[in-house]
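Residue numbers (full-length UniProt numbering): 1 to 363. Below: one structure, written as C-alpha coordinates.
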(Lines of atoms letter the chains of each structure in order from A and count residues from 1; the text may use other names and numbers.)
(Lines give C-alpha, C1' and ligand atoms only; values in the text may rest on other atoms or scores of the structure.)
Protein backbone atom coordinates (compact mmCIF):
# COMPACT_ATOMS: atom_id res chain seq x y z
CA UNK A 1 0.00 0.00 0.00
CA UNK A 2 1.43 3.39 -1.01
CA UNK A 3 2.13 5.97 1.68
CA UNK A 4 -0.50 8.46 0.49
CA UNK A 5 -3.13 5.74 0.21
CA UNK A 6 -2.37 4.52 3.73
CA UNK A 7 -2.43 8.06 5.18
CA UNK A 8 -5.82 8.61 3.55
CA UNK A 9 -7.19 5.42 5.14
CA UNK A 10 -5.61 6.40 8.46
CA UNK A 11 -7.47 9.73 8.35
CA UNK A 12 -10.70 7.93 7.48
CA UNK A 13 -10.19 5.53 10.42
CA UNK A 14 -9.57 8.36 12.91
CA UNK A 15 -12.73 10.12 11.67
CA UNK A 16 -14.75 6.87 11.97
CA UNK A 17 -15.29 6.77 8.20
CA UNK A 18 -13.20 3.76 7.14
CA UNK A 19 -15.40 0.94 5.86
CA UNK A 20 -15.05 -2.45 7.59
CA UNK A 21 -14.05 -4.22 4.37
CA UNK A 22 -10.73 -2.32 4.39
CA UNK A 23 -9.87 -3.04 8.07
CA UNK A 24 -7.76 -6.16 7.61
CA UNK A 25 -5.48 -4.74 4.90
CA UNK A 26 -5.30 -1.41 6.76
CA UNK A 27 -4.21 -2.95 10.08
CA UNK A 28 -1.75 -5.31 8.38
CA UNK A 29 -0.08 -2.28 6.79
CA UNK A 30 -0.15 -0.35 10.08
CA UNK A 31 1.81 -3.12 11.82
CA UNK A 32 4.69 -2.63 9.34
CA UNK A 33 5.11 1.11 9.96
CA UNK A 34 7.49 2.56 12.54
CA UNK A 35 5.61 3.76 15.64
CA UNK A 36 7.29 7.20 15.62
CA UNK A 37 6.33 7.82 11.99
CA UNK A 38 2.80 6.56 12.62
CA UNK A 39 2.38 8.82 15.64
CA UNK A 40 3.55 11.84 13.61
CA UNK A 41 0.99 11.09 10.91
CA UNK A 42 -1.79 10.80 13.48
CA UNK A 43 -0.79 14.15 15.02
CA UNK A 44 -0.77 15.77 11.56
CA UNK A 45 -4.31 14.55 10.90
CA UNK A 46 -5.59 15.73 14.28
CA UNK A 47 -3.93 19.15 13.82
CA UNK A 48 -5.50 19.46 10.36
CA UNK A 49 -8.93 18.75 11.85
CA UNK A 50 -8.39 21.41 14.50
CA UNK A 51 -7.37 23.97 11.85
CA UNK A 52 -10.47 23.25 9.83
CA UNK A 53 -12.61 23.85 12.88
CA UNK A 54 -11.03 27.26 13.47
CA UNK A 55 -11.21 28.23 9.76
CA UNK A 56 -15.00 28.51 9.84
CA UNK A 57 -15.75 32.21 10.09
CA UNK A 58 -18.90 33.34 11.90
CA UNK A 59 -20.50 36.15 9.86
CA UNK A 60 -21.07 39.62 11.26
CA UNK A 61 -24.83 39.53 11.77
CA UNK A 62 -25.22 43.34 11.63
CA UNK A 63 -23.40 43.65 8.29
CA UNK A 64 -25.21 40.66 6.86
CA UNK A 65 -28.57 42.08 7.93
CA UNK A 66 -27.70 45.48 6.45
CA UNK A 67 -26.64 43.89 3.14
CA UNK A 68 -29.89 41.92 2.91
CA UNK A 69 -31.96 45.05 3.52
CA UNK A 70 -29.98 47.07 0.96
CA UNK A 71 -30.64 44.40 -1.67
CA UNK A 72 -34.35 44.44 -0.86
CA UNK A 73 -34.55 48.25 -0.83
CA UNK A 74 -32.86 48.44 -4.26
CA UNK A 75 -35.69 46.37 -5.74
CA UNK A 76 -38.63 47.77 -3.79
CA UNK A 77 -37.89 50.86 -1.64
CA UNK A 78 -40.14 51.19 1.43
CA UNK A 79 -42.70 54.01 1.50
CA UNK A 80 -42.69 55.52 4.96
CA UNK A 81 -46.08 57.31 4.57
CA UNK A 82 -48.04 54.08 4.17
CA UNK A 83 -48.62 52.39 7.51
CA UNK A 84 -49.28 48.97 5.94
CA UNK A 85 -45.98 49.08 4.01
CA UNK A 86 -44.10 50.04 7.15
CA UNK A 87 -45.65 47.07 8.91
CA UNK A 88 -44.60 44.78 6.07
CA UNK A 89 -40.99 46.00 6.12
CA UNK A 90 -40.79 45.50 9.87
CA UNK A 91 -41.72 41.86 9.44
CA UNK A 92 -39.27 41.50 6.52
CA UNK A 93 -36.49 42.95 8.68
CA UNK A 94 -37.20 40.49 11.52
CA UNK A 95 -37.27 37.59 9.07
CA UNK A 96 -33.89 38.66 7.65
CA UNK A 97 -32.37 38.75 11.14
CA UNK A 98 -33.70 35.28 11.93
CA UNK A 99 -32.27 33.94 8.67
CA UNK A 100 -28.87 35.39 9.58
CA UNK A 101 -28.98 33.80 13.03
CA UNK A 102 -29.97 30.41 11.62
CA UNK A 103 -27.19 30.67 9.02
CA UNK A 104 -24.61 31.39 11.73
CA UNK A 105 -25.73 28.43 13.85
CA UNK A 106 -25.69 26.21 10.79
CA UNK A 107 -22.10 27.16 10.00
CA UNK A 108 -20.96 26.71 13.59
CA UNK A 109 -22.59 23.36 14.31
CA UNK A 110 -22.90 21.62 10.97
CA UNK A 111 -19.68 22.65 9.21
CA UNK A 112 -18.68 19.87 6.86
CA UNK A 113 -20.54 17.24 8.88
CA UNK A 114 -17.62 16.28 11.15
CA UNK A 115 -18.06 18.78 13.95
CA UNK A 116 -21.15 17.22 15.45
CA UNK A 117 -18.93 14.77 17.31
CA UNK A 118 -15.58 15.21 18.98
CA UNK A 119 -12.37 13.92 17.39
CA UNK A 120 -11.17 10.79 19.25
CA UNK A 121 -7.73 10.72 20.88
CA UNK A 122 -5.32 7.95 19.90
CA UNK A 123 -2.64 6.71 22.34
CA UNK A 124 0.18 4.35 21.34
CA UNK A 125 1.86 1.77 23.60
CA UNK A 126 4.75 -0.58 22.81
CA UNK A 127 6.96 -2.88 24.85
CA UNK A 128 10.54 -3.10 23.63
CA UNK A 129 11.79 -4.76 26.84
CA UNK A 130 12.57 -8.47 27.21
CA UNK A 131 9.98 -8.83 30.00
CA UNK A 132 6.30 -8.01 30.50
CA UNK A 133 5.32 -4.53 31.67
CA UNK A 134 1.99 -3.02 32.70
CA UNK A 135 0.68 0.42 31.81
CA UNK A 136 -2.40 2.49 32.66
CA UNK A 137 -4.73 3.43 29.83
CA UNK A 138 -6.63 6.77 29.78
CA UNK A 139 -9.90 5.08 30.85
CA UNK A 140 -8.21 3.65 34.02
CA UNK A 141 -7.90 0.16 32.51
CA UNK A 142 -4.53 -1.64 32.66
CA UNK A 143 -2.72 -3.31 29.77
CA UNK A 144 0.04 -5.83 30.50
CA UNK A 145 2.27 -5.76 27.44
CA UNK A 146 4.44 -8.78 26.69
CA UNK A 147 7.74 -8.33 24.79
CA UNK A 148 7.35 -7.00 21.23
CA UNK A 149 3.69 -6.13 21.74
CA UNK A 150 2.13 -2.97 20.35
CA UNK A 151 -1.35 -1.44 20.68
CA UNK A 152 -3.24 1.73 19.75
CA UNK A 153 -5.92 2.91 22.21
CA UNK A 154 -8.71 5.13 20.86
CA UNK A 155 -10.64 7.16 23.44
CA UNK A 156 -13.45 9.68 23.06
CA UNK A 157 -14.83 12.24 25.53
CA UNK A 158 -18.14 10.37 25.48
CA UNK A 159 -16.33 7.38 27.03
CA UNK A 160 -16.20 5.24 23.88
CA UNK A 161 -13.02 3.16 23.89
CA UNK A 162 -11.34 0.64 21.62
CA UNK A 163 -7.94 -1.02 21.23
CA UNK A 164 -6.28 -1.99 17.98
CA UNK A 165 -3.81 -4.73 18.91
CA UNK A 166 -1.11 -4.83 16.25
CA UNK A 167 1.24 -7.53 17.53
CA UNK A 168 2.35 -9.46 20.62
CA UNK A 169 0.48 -10.84 23.61
CA UNK A 170 -1.45 -8.40 25.83
CA UNK A 171 -3.49 -8.90 29.02
CA UNK A 172 -6.29 -6.40 29.68
CA UNK A 173 -7.65 -5.53 33.13
CA UNK A 174 -10.70 -3.50 32.08
CA UNK A 175 -12.14 -0.65 34.12
CA UNK A 176 -15.90 -1.23 34.18
CA UNK A 177 -18.13 1.22 32.31
CA UNK A 178 -21.65 -0.01 31.54
CA UNK A 179 -22.20 2.75 28.96
CA UNK A 180 -19.01 2.07 26.99
CA UNK A 181 -17.99 -1.53 26.23
CA UNK A 182 -14.23 -2.16 25.94
CA UNK A 183 -13.29 -3.64 22.56
CA UNK A 184 -10.02 -5.16 21.35
CA UNK A 185 -9.58 -5.52 17.59
CA UNK A 186 -7.01 -7.90 16.16
CA UNK A 187 -7.12 -8.06 12.38
CA UNK A 188 -10.86 -8.58 11.74
CA UNK A 189 -11.67 -10.21 15.11
CA UNK A 190 -13.20 -8.36 18.05
CA UNK A 191 -13.23 -9.15 21.77
CA UNK A 192 -15.85 -7.17 23.72
CA UNK A 193 -16.01 -6.69 27.51
CA UNK A 194 -17.42 -4.34 30.14
CA UNK A 195 -15.25 -4.86 33.22
CA UNK A 196 -13.10 -7.97 33.24
CA UNK A 197 -9.63 -9.54 32.81
CA UNK A 198 -8.66 -11.36 29.62
CA UNK A 199 -5.69 -11.95 27.31
CA UNK A 200 -5.31 -11.72 23.54
CA UNK A 201 -2.35 -13.73 22.27
CA UNK A 202 -1.44 -13.96 18.54
CA UNK A 203 0.39 -17.29 18.89
CA UNK A 204 1.29 -17.45 15.19
CA UNK A 205 0.32 -15.67 11.98
CA UNK A 206 -2.58 -18.11 11.66
CA UNK A 207 -3.74 -18.65 15.27
CA UNK A 208 -5.13 -16.29 17.89
CA UNK A 209 -5.72 -17.40 21.49
CA UNK A 210 -8.14 -15.46 23.72
CA UNK A 211 -8.41 -16.44 27.38
CA UNK A 212 -10.74 -15.15 30.11
CA UNK A 213 -9.57 -14.88 33.73
CA UNK A 214 -12.47 -12.91 35.25
CA UNK A 215 -15.91 -11.63 34.19
CA UNK A 216 -17.42 -12.30 30.77
CA UNK A 217 -16.43 -11.53 27.18
CA UNK A 218 -17.66 -12.18 23.65
CA UNK A 219 -15.46 -13.03 20.66
CA UNK A 220 -16.31 -12.90 16.98
CA UNK A 221 -15.81 -11.35 13.59
CA UNK A 222 -16.46 -7.65 13.13
CA UNK A 223 -20.17 -6.88 12.57
CA UNK A 224 -21.11 -10.48 13.36
CA UNK A 225 -24.58 -11.23 14.72
CA UNK A 226 -24.84 -11.76 18.50
CA UNK A 227 -26.02 -15.35 17.93
CA UNK A 228 -22.77 -16.14 16.10
CA UNK A 229 -20.44 -14.83 18.82
CA UNK A 230 -18.61 -17.08 21.28
CA UNK A 231 -19.12 -16.16 24.95
CA UNK A 232 -16.52 -17.10 27.56
CA UNK A 233 -16.72 -17.64 31.30
CA UNK A 234 -13.74 -17.45 33.71
CA UNK A 235 -11.15 -20.14 32.99
CA UNK A 236 -12.32 -20.68 29.41
CA UNK A 237 -10.50 -19.85 26.19
CA UNK A 238 -11.14 -19.79 22.47
CA UNK A 239 -8.63 -20.59 19.73
CA UNK A 240 -9.26 -18.68 16.49
CA UNK A 241 -8.01 -19.92 13.14
CA UNK A 242 -7.32 -16.77 11.15
CA UNK A 243 -7.09 -18.75 7.92
CA UNK A 244 -10.29 -20.83 8.15
CA UNK A 245 -12.08 -18.22 10.31
CA UNK A 246 -13.23 -20.90 12.75
CA UNK A 247 -13.35 -20.71 16.56
CA UNK A 248 -12.66 -23.60 18.95
CA UNK A 249 -13.83 -23.05 22.53
CA UNK A 250 -12.31 -24.96 25.49
CA UNK A 251 -13.93 -25.19 28.91
CA UNK A 252 -12.11 -24.90 32.21
CA UNK A 253 -12.44 -28.67 32.81
CA UNK A 254 -11.00 -29.47 29.38
CA UNK A 255 -8.02 -27.21 30.00
CA UNK A 256 -7.37 -28.69 33.46
CA UNK A 257 -7.31 -32.24 32.07
CA UNK A 258 -4.92 -31.33 29.26
CA UNK A 259 -2.67 -29.05 31.35
CA UNK A 260 0.27 -31.49 31.44
CA UNK A 261 0.24 -32.12 27.70
CA UNK A 262 -0.09 -28.41 26.94
CA UNK A 263 2.82 -27.60 29.28
CA UNK A 264 5.03 -30.17 27.52
CA UNK A 265 4.16 -28.65 24.16
CA UNK A 266 5.09 -25.16 25.40
CA UNK A 267 8.39 -26.41 26.88
CA UNK A 268 9.36 -28.09 23.61
CA UNK A 269 8.93 -24.76 21.84
CA UNK A 270 10.48 -22.60 24.59
CA UNK A 271 13.58 -24.41 25.89
CA UNK A 272 15.53 -24.54 22.58
CA UNK A 273 15.31 -20.74 22.46
CA UNK A 274 16.82 -20.29 25.94
CA UNK A 275 20.51 -19.45 26.21
CA UNK A 276 21.02 -21.41 29.46
CA UNK A 277 20.94 -25.11 30.26
CA UNK A 278 17.42 -26.33 31.08
CA UNK A 279 16.43 -30.01 31.08
CA UNK A 280 13.00 -31.45 31.75
CA UNK A 281 11.10 -34.69 32.16
CA UNK A 282 7.50 -35.45 33.05
CA UNK A 283 8.48 -35.31 36.74
CA UNK A 284 10.95 -32.42 37.04
CA UNK A 285 12.76 -29.50 35.44
CA UNK A 286 16.48 -28.86 36.09
CA UNK A 287 18.20 -25.49 35.78
CA UNK A 288 21.92 -24.63 35.59
CA UNK A 289 22.94 -20.98 35.97
CA UNK A 290 19.63 -19.95 34.45
CA UNK A 291 18.78 -16.25 34.54
CA UNK A 292 15.57 -15.47 36.39
CA UNK A 293 14.05 -13.89 33.29
CA UNK A 294 14.26 -17.30 31.55
CA UNK A 295 13.37 -19.25 34.69
CA UNK A 296 10.09 -17.32 34.97
CA UNK A 297 9.27 -18.03 31.32
CA UNK A 298 9.50 -21.74 32.14
CA UNK A 299 7.26 -21.25 35.18
CA UNK A 300 4.67 -19.49 33.02
CA UNK A 301 4.62 -22.49 30.67
CA UNK A 302 4.45 -25.08 33.47
CA UNK A 303 1.64 -23.49 35.48
CA UNK A 304 -0.20 -21.61 32.70
CA UNK A 305 0.14 -18.24 34.46
CA UNK A 306 1.38 -14.75 33.60
CA UNK A 307 4.24 -13.16 35.55
CA UNK A 308 4.94 -9.43 35.78
CA UNK A 309 8.15 -8.39 37.54
CA UNK A 310 7.67 -4.91 38.99
CA UNK A 311 11.37 -4.84 39.92
CA UNK A 312 13.36 -5.65 36.74
CA UNK A 313 16.58 -5.86 38.77
CA UNK A 314 15.43 -9.27 40.04
CA UNK A 315 15.55 -10.70 36.53
CA UNK A 316 19.35 -10.56 36.30
CA UNK A 317 19.92 -13.07 39.14
CA UNK A 318 20.71 -16.72 38.32
CA UNK A 319 19.27 -20.00 39.58
CA UNK A 320 20.71 -23.53 39.75
CA UNK A 321 18.56 -26.40 40.96
CA UNK A 322 15.56 -28.55 40.10
CA UNK A 323 11.81 -28.18 40.34
CA UNK A 324 9.30 -30.95 40.96
CA UNK A 325 6.54 -30.42 38.40
CA UNK A 326 3.91 -31.45 40.94
CA UNK A 327 5.09 -28.81 43.41
CA UNK A 328 2.39 -26.19 44.15
CA UNK A 329 3.01 -22.84 42.50
CA UNK A 330 2.80 -20.98 45.83
CA UNK A 331 5.59 -23.14 47.29
CA UNK A 332 7.89 -22.39 44.36
CA UNK A 333 7.18 -18.64 44.56
CA UNK A 334 7.83 -18.64 48.31
CA UNK A 335 11.23 -20.29 47.83
CA UNK A 336 12.03 -18.03 44.88
CA UNK A 337 11.30 -14.88 46.88
CA UNK A 338 13.34 -16.10 49.85
CA UNK A 339 16.35 -16.50 47.55
CA UNK A 340 15.85 -13.19 45.72
CA UNK A 341 14.48 -10.93 48.47
CA UNK A 342 11.09 -10.26 46.92
CA UNK A 343 7.37 -10.68 47.53
CA UNK A 344 4.65 -12.06 45.25
CA UNK A 345 0.94 -11.57 44.71
CA UNK A 346 -1.37 -13.85 42.70
CA UNK A 347 -4.62 -12.53 41.25
CA UNK A 348 -6.61 -14.42 38.59
CA UNK A 349 -3.55 -16.21 37.26
CA UNK A 350 -1.46 -13.01 37.12
CA UNK A 351 1.60 -12.95 39.40
CA UNK A 352 3.31 -9.71 40.40
CA UNK A 353 6.84 -9.90 41.82
CA UNK A 354 8.23 -6.92 43.75
CA UNK A 355 11.54 -6.23 45.42
CA UNK A 356 11.18 -6.15 49.23
CA UNK A 357 12.86 -2.72 49.44
CA UNK A 358 10.48 -1.32 46.82
CA UNK A 359 7.47 -2.63 48.74
CA UNK A 360 8.70 -1.00 51.96
CA UNK A 361 9.19 2.34 50.18
CA UNK A 362 5.67 2.20 48.71
CA UNK A 363 4.20 1.71 52.17
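Note that the Cβ used here is the ideal one computed from N, Cα and C, for glycine as well.
Any contact of the region 194-210 with the region 263-279, i.e. 3+ C-beta pairs under 8 Å? At 8 Å Cβ cutoff, the stretches do not touch.
Ignore the nearest five residues each way along the sequence and tell me which others in residue 380's own chain have a CB closer than 8 Å to its CB. Nothing about residue 380 can be read from this structure; the chain reaches only from 1 to 363.
Can you give me the Cβ contacts of residue 342 inside the same chain, cut-off strictly under 7 Å, excluding the 5 residues immediately before and after it? 311, 314, 353, 354, 355, 356
Does the beta-carbon distance from residue 125 to residue 143 come in below 8 Å? yes
So is residue 292 buried or exposed if we call it buried at 16+ other beta carbons inside 10 Å? buried
Can you tell me whether DSSP reads residue 238 as helix, strand or coil? strand
Under 8 Å between the Cβ atoms of residue 437 and residue 170? This structure cannot settle anything about residue 437, because the visible part of the chain is limited to 1 through 363.
DSSP state of residue 220 mapped onto helix, strand, coil: strand
Given a cut-off of 8 Å on the beta-carbon distance, is the pair residue 192 and residue 174 in contact? no
Let's test the definition: count the other Cβ atoms within 10 Å of the Cβ of residue 10 and tell me whether it reaches 16, buried, or not, exposed. buried
Exposed or buried, what is residue 32 when buried is set at 16 or more other beta-carbons lying within 10 Å of its beta-carbon? exposed
Using a Cβ-Cβ cut-off of 8 Å, state whether residue 321 counts as contacting chain E. You won't find chain E in this structure, because it holds only one protein chain.
Return the CA-CA distance between residue 364 and residue 129, expressed in angstroms with no decimal places. The structure shown does not extend to residue 364, since the chain is modelled only from 1 to 363, so the question has no answer here.
With distance defined between alpha-carbon atoms, name the residue in 41, 237, 337, 238 nearest to residue 13. 41
Put residue 137 into one of helix, strand or coil per three-state DSSP. The answer is coil: DSSP assigns residue 137 none of H, G, I, E or B.
For residue 349, which residues of its own chain have a beta-carbon under 8 Å away from its beta-carbon, when the five flanking residues on both sides are left out? 213, 304, 305, 306
Report all residues from its chain with a CB closer than 7 Å to the CB of residue 180; omit the five preceding and five following residues, and keep chain order. The answer, listed in chain order, is 159, 160, 161.
When burial is assigned at 16 or more other CB atoms within 10 Å of the CB, is residue 290 buried or exposed? buried
Please confirm whether residue 302 and residue 325 have their CB atoms less than 8 Å apart. A contact, by the Cβ cut-off of 8 Å.
From which residue to which residue does the alpha helix (DSSP H) around residue 335 run? 329-340
Compute the distance between the beta-carbons of residue 278 and residue 322, then report whether it is under 8 Å. The beta carbons of residue 278 and residue 322 sit no closer together than 8 Å.
Spell out the partners DSSP gives residue 387 in its beta bridges. Missing from the structure shown is residue 387; the chain here goes from 1 to 363 and no further.
Backbone secondary structure at residue 312 - three-state DSSP: helix
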